[in-house]
Every structure is written in C-alpha cells, then in structure tokens.
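Number of protein chains: 2
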Amino acid sequence: MKSRITITDIAKEAGVSTALVSFVMSNKAKGSREYRVRPETEKRVLEVAAKYDYQPNSSARALRSGEYRTIGVVLSDISNKFYAEISRQIENWAFHHDYVVLFGSSDENPKKLSNVMKVFKNKGVDGMIIVPCEGSESAISQMAGSGMPVVLLDRDIPGAEFSSVVLNNFKASVIMTETLVGKGFRKIEMISYKTTLSNIKDRESGYLKAMEGAGLTETRIHRPEYCNYREIEQIVLDAKARNVEALIFTTYNMSLMGRKAFISHGLRVPQDCFFACFNNSDAFDLYEPDILYVKQPIEQFAVEAMTLLVKMINEPESAQSCTKIILQPEVVFSSSEVHV
Amino acid sequence: MKSRITITDIAKEAGVSTALVSFVMSNKAKGSREYRVRPETEKRVLEVAAKYDYQPNSSARALRSGEYRTIGVVLSDISNKFYAEISRQIENWAFHHDYVVLFGSSDENPKKLSNVMKVFKNKGVDGMIIVPCEGSESAISQMAGSGMPVVLLDRDIPGAEFSSVVLNNFKASVIMTETLVGKGFRKIEMISYKTTLSNIKDRESGYLKAMEGAGLTETRIHRPEYCNYREIEQIVLDAKARNVEALIFTTYNMSLMGRKAFISHGLRVPQDCFFACFNNSDAFDLYEPDILYVKQPIEQFAVEAMTLLVKMINEPESAQSCTKIILQPEVVFSSSEVHV
DNA sequence: ATGATGTGATTAATCGTTTTAACATTTGTT
DNA sequence: AACAAATGTTAAAACGATTAATCACATCAT
C-alpha cells in the first residue's frame, strides 16, 4: 500500500531540500529577481515531480499559507436556470484558473444565507460571490467586515458599500419599454413585487422613466402580495379586460406564471397583449418567437465577478475600495432557436 | 487585529490541554465508555468555545485526520435543468449533514471528467458522485481503484463494478410504452442515439420488450448520427409522413428539439402524433398538458447517492462491495402545473 | 499493603506544506 | 586582495488540529 507521495519524497529523490521543491512547485515570482533557483535544479525537481505525478497536499498548503484556492458561491437557488447557467460559467472560469468552487443556496432566506456563509468561511474559502436576498445586508456586512472578500452578483444592495457585478437593469428596462413604445404600444404595464433589492427597483424606475420620456402618463406597476399563480392570473385577466397592450414581467418565476396565464386563457402574443420579461426560458424560445426579453450576459457575469473577487483576494488593499461593475444589457426578441 | 482563534486559545482559557478541547469538540464515541471527560470539564470547554464562537480549522483537521467532510460531484453539465435540480438536493443534504460539496462539469468529455476528478482528489474530497460519460470508464476505474469512494449517478456503466444510483429505466420505458399502447397507439417509434451508457440502452430495451409483449412487431429505433436539430426534424417529418402514432425521445435535449420540430411543422399532440420523453421541461408543462414523461425522483437520487457514498466513506470495508440502487420510475402526463 | 482496574487529563509526535533567516558559494568592484 | 553584493540552497520553525502513549489518581478486591 503505497501512500500518497509528499514533498519530502520528491526532495529526497531530487537530492535537494523540501524548501527548494516548494519554491519550484509554487513558482512564485517566476521570472522576477526574487526567484533564485538554478535552471538545472529546477529541471531536475520538475522531472521527479512529474515522474511521480506529485501534487502538493492542499490541506497542508492551506494550513501553512492561509491560501485555499477555493471560492464560495451563494445563490438564491442553484436549480434556477439563470443561476445554474452562471454557476456553470463560474465553475468553468475557476477550473481554468486553478480554483475550486463551493456552491450553496440561500432560498431567499437571510438566515440560511448567513449559515451557508459561515460554513464556507469555516471550511476555508478565499472569497465569496453572493447573490444577496431580502434582509441579508447585515449578515453580508459582517462577513465582509471580518476581512472576507465579497462580491455581490446580479443584485446590489442600494446604499451599501459592497463590490458588485450587476446588469444595468435601469437601462435594460428603458430600452425594453422604448422598444415596446416603438412598436406602437401605449398602454404598457409592469408586474413586479415589493422589494429593496436593486435589480428589481431599477427595472421599475427604468420603466417609469421611459414611459415619461415617451410622454405616456398612464403607467402602472402591479406588486402582488404573494406572487403566486392566482394573483398573476388575476392581474393578467384584469389587464386583458382593460385592453392593456403590453405587460412587462420583472422576474423569471412571475414571467413563467404569466405565460401560463396567457396560454390558459388564450391570449396570443402579439395580437392580444404583448409579453416582455427579463430572463429567457426554453419555454419561450420554443413556442413564441415574438416575446421580448433581456438577454443576460451570463459568461460576463461570471468572468467579471471572479476576476474582481480574485483581485480583491490578491490585493487586500484594493479590497477596501468597493468596485461596482455594471454590465450592458441586450434586449432581443425570442430567437426561436433551440440551443443544445 | 485579532486573528482567528485556535484550539490553544480555548484550552488556555478553559484551563485544560488542547487534547481535551479536541475530545470535546469532536465528540467521538460520545456516550460510549471510550469518551472520558468529566461532565463539568466538558461544560466549561463548551462554554468557552461558544463564547468565542470557536470553529476548528478545517485545513488542520483535514491534514491531520485525513477527513475532509467534502464531497466532489461531477455532472455532465450543471446548467442542465435535471442536473441542476439534483445538485440542489445534493447541496441540501450535504448542508444538513455537515458536508460541503464541490461541483464540476465534464461536458460529456472523458478527458475533462478525468481532469476534474484529479482536481477534486488533489483538493481533498472524501468521496465522489459521478455522472459517467461515454468513454470515461477507465478514468473512473482508476480513481475508484486508488481507494476513492465513488458512486455513479443517473447512468451506470454496464458490466463495471461501480456502486450506482440509477432510475429503473427499463421499467420506465416499459410502462411508458404500455401506456401508449393502452391509449390505442400501435405504430410507436423511439428516437435515441448510439451509446454504451446504461440509462439509454435500458430505455431502448424497455421499449422493445413492451412492444413485443403487446404483440407489436413493427418497432423502430432511430439513432441520428450527430443528434442535431436538422436530423431530429427530418426524423419527425418522416415519421409524420409514415403516420407514426407516437414518438418516444430518450434524451432531454433531443426531446426539446423534437418539440421544436413538432411546433414548427404544426404537428399537434395528441391528434397528429403523440409525444413522450424521459425528462420534463418547463416548456412542456407550460404548453402541452398531454405529453407523457417520466418523472425523475430528484430528491431520492440525491439522498440515496449521498447516503450510499457516506456509508462507503465511513466503512471502507463496505466500499469494496458494489451496491446498485435502482429507483422506481413514475410515468405521468404533463401536469400543466407551473412550479415556482 | 499490594496490585489491578478505571477514570480523567496531559504530553508530545505527527500530518505536509510554506517561509524566514541563515549559510555557502560565486560574482563583481575597487 | 579584500570586501560587498548577488545567487543558490538549506535548516528549522511555524500552521492548528488529532491521537497514541503516558501519567496521576482514586477505587477496589484480595
């Protein structure tokens, strides 16, 4: 039973000290004047390491150096398609940058979010990417305050000093509304919900701003109490009765329920009422080429967030100043393409 | 700048040795005769630990004990809805059992799968849950052979001695086919693809078996070369021309393309041709209450796999014998319910 | 009184790295 | 030639836990 081979084995076989092996393996400052290892020694060590497929023990490394090369990601729900896709991109980035990712879901529950963060911190992560939920500000604040690099994703907490990567939801909403106006619709309403989170609030103000800009004073934002199907259905039916020409749904789940209501009651797009939303779904692509939606730059979300986070990790002084990255939205019509 | 507090701090404050603190914290064999700590001492240690919110450093613990309390999960693609939902359940189970989960995607590429497994092993996981892909047998074999507990999920590799948790795909396919026969269809065909993976092969044999059982000799399994939309579309159109009464799609992606083809060419379900598949989609629920599909027991997948894996981790002797868990399928009609 | 047994707690080695400080050796400068 | 600076390399001390071995003491049967 040959057990795992260690740095000592390599050092012995290469005829050098463990320190040298460590220097070579973690080729810190390689190329700089600081890196002082004779090329032939380096070659010898590398050869031995390769021969035994030596990989430094990450626990030992983490224990000694305090670097984990692990990122914690807390989403509201990883089974939500949007977050699942972001997770995929984050994982991909991490894989290519020698990081490893822990995923957790908050269920939109601040207590759960706080617990998951604690578990991650305790487990040892160098930083966290968080999709904040309603009421999670203090927990996140505490975590960031304890020195943990944190980047908010998708949603920002207005007024709070966190680094974040979010879509320009305001602009997206403006473009979307203007597009609808451009198609000749005048009676446009929005279905949203009561929240303090930035992404939704920005979508609301974008709508109002664009309506005002178009000289349309008749605006309306519905904010159902529980956001369940019955409420959404009621709003849709009511809108139809009042001859609303277009409905904008601000969340993925509500837009799914909205589509269901449309279909159940035979509302056709675009003839009866136009349908616009902020996240695409297979369901829409498949059946309705005339839906307007915001194309989320999934990969960019992941890359920007990870890059920013890693920078904060590596340059603690930069971690103090908070950086807000705002991604450009793209508003498109459902492509009718099936992506597989 | 107060740094992380350690076991030594706790020991000092409680006036005991670090060993004692360790005993108390990891209350091994609590209750058994082995656990020899005076209750009042234990209480004192616990109080001090609570006071400082002490959490043992997991790197140090892992380094010394070899236990990571971390599971590696390698799926084909975490952004695939089915796997995203499984991930959610796995994460949930882990959270409640004090484990943490690393997720990775193989992209159905055995080389990538092998790399991700290596990264996970090197990072330190106690065991892995793997969705194998075509050609990954040797890599998984090697990993399992090196002593790493491994449980296959969703797909099994026929003939290989791996523990696994899979659906009874054969039975699902039989039920599905019988249901279609029961609805009066006789000309039923299947759209599958060339593979060695168990789940697909079982679906094929289930279909053939049920058809034979019903005395229907006219069977046909299509196996498109590249499984792209053009091929699927062609098969669907051809089937329509030949008055095929029902089509069974064996994979999620192909069923999406199939639906697309149905819709593009105005085929209605059930009037023109019936549609059956093995994974539900939002898209189907939303628009077609008459689709037949296999309801995958998502939570059971996760719970069974994790339970089995943890058992293998904790009882190395049991890890030798391979356990195959077969989950019961449920075949249902698209519910027309929107789940949010 | 003696040795055996049981109980509660401690000592110190160990896990596999990283990293600081020091040690040689070579090179460069005057 | 003498000393400084640069270049390679190493010894040894961490990092923060776990755990085998040991110890000190009390209890108890003989």
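Protein chains in written order, with the working numbering: chain S, 2 to 341; chain E, 2 to 341. A virtual CB, placed ideally from N, CA and C, is assigned to each residue, including glycine.
Nearest Cα to Met-144/S within the set Phe-104/S, Gly-73/S, Phe-83/S: Gly-73/S. Here Met-118/E carries a helix assignment [DSSP, helix/strand/coil]. Residue contact with chain E for Val-101/S: present (Cβ-Cβ distance below 8 Å to some residue of chain E). Within chain E, the residues placing a beta-carbon under 8 Å from that of Phe-104/S are Ser-88, Glu-92, Val-102, Phe-104, ordered along the chain. When the Cα atoms are used, Val-304/S and Ile-91/S turn out to be separated by approximately 7 Å. The beta carbon of Leu-154/E does not come within 8 Å of any beta carbon belonging to chain S, so the residue lies off that interface. Rounded to the nearest whole angstrom, the C-alpha separation of Tyr-230/S and Leu-168/S is 27 Å. His-98/S sits exposed, since fewer than 16 C-beta atoms from the chains shown fall within 10 Å of its C-beta. Annotation: Cβ neighbours of Ala-85/S in chain E (cutoff 7 Å, chain order): Ile-79, Ser-80, Ala-85. Within 10 angstroms of the beta-carbon of Tyr-84/E lie 16 or more other beta-carbons, which makes it buried. Chain order gives the chain E residues near Ala-63/S as Ser-60, where near means a beta carbon separation below 7 Å. Counting only runs of at least 3 residues, the stretch 86 to 138 of chain S fully encloses the following beta strand (DSSP E) elements, listed from N- to C-terminal order: 101 to 106, 128 to 131.
Contact of Gln-301/S with chain E is not assigned, every C-beta pair being separated by 8 Å or more.
Here the stretch 147 to 155 of chain S makes no contact with the stretch 181 to 189 of chain S; the two share fewer than three CB pairs at distances below 8 Å. Interface flag for Val-120/S against chain E is set, since a Cβ pair is found closer than 8 Å. Apart from sequence neighbours up to five positions away, the residues of its chain that approach Gly-207/S with a beta-carbon distance below 6 Å are Phe-171, Ser-174, Val-175, ordered along the chain. The beta carbons of Leu-268/E and Lys-241/E sit about 6 Å from each other, so the pair counts as a contact at 8 Å. Pairing Ser-256/E with Lys-124/E, the inter-Cα distance amounts to about 37 Å. Within the stretch 44 to 69 of chain E, not a single complete beta strand (DSSP E) segment reaches 3 residues in length. Shown here for Ala-63/S: same chain residues with a beta carbon closer than 7 Å to its own, the five before and five after excluded, namely Tyr-69, Gly-125 in chain order.
Annotated as distal: Thr-252/E and Phe-275/E, with beta-carbon spacing of 8 Å or more. Taking the beta carbon of Gly-207/E as reference, no residue of chain S falls within 9 Å; the closest one sits roughly 24 Å away. Just measuring C-alpha positions, the residue of Phe-104/E, Pro-133/E, Lys-184/E sitting nearest Ile-201/E is Pro-133/E. Burial is judged here by how many other beta carbons sit within 10 angstroms of a residue's own beta carbon; Asn-281/E has at least 16 and is buried.
Interface flag for Lys-112/E against chain S is unset, since no Cβ pair is found closer than 8 Å. Taking 9 Å as the upper bound on Cβ-Cβ separation, chain S lies near residues Phe-121, Lys-122, Asn-123, Lys-124, Gly-125 of the stretch 121 to 145 of chain E. Of all residues in the stretch 36 to 59 of chain E, those with a C-beta nearer than 8 Å to a C-beta of chain S are Gln-56, Asn-58, Ser-59, reading in chain order. Collapsing the DSSP output to three states places Ala-277/S in a strand. Sixteen is the threshold: when 16 or more other Cβ atoms of the shown chains lie within 10 Å of the Cβ of Ala-320/S, as they do, the residue is buried. Comparing alpha carbon positions, the residue from Asn-81/S, Tyr-55/S, Met-149/S, Asn-116/S closest to Lys-122/E is Tyr-55/S. Ile-6/E has its alpha-carbon roughly 15 Å from the corresponding atom of Leu-47/E.
Counting only the Cα atoms, Ser-335/S lies some 35 Å from Lys-184/E. In terms of Cβ geometry, Met-177/S and Ala-277/S form a close pair [threshold 8 Å].
Distance from Val-101/S to Leu-328/S at the Cβ level is roughly 25 Å; contact not present, criterion being Cβ atoms closer than 8 Å. Per the coordinates, the alpha-carbon of Cys-228/E lies some 43 Å from the alpha-carbon of Ile-314/S. The alpha-carbon of Leu-181/E is positioned some 39 Å away from that of Ser-322/E.
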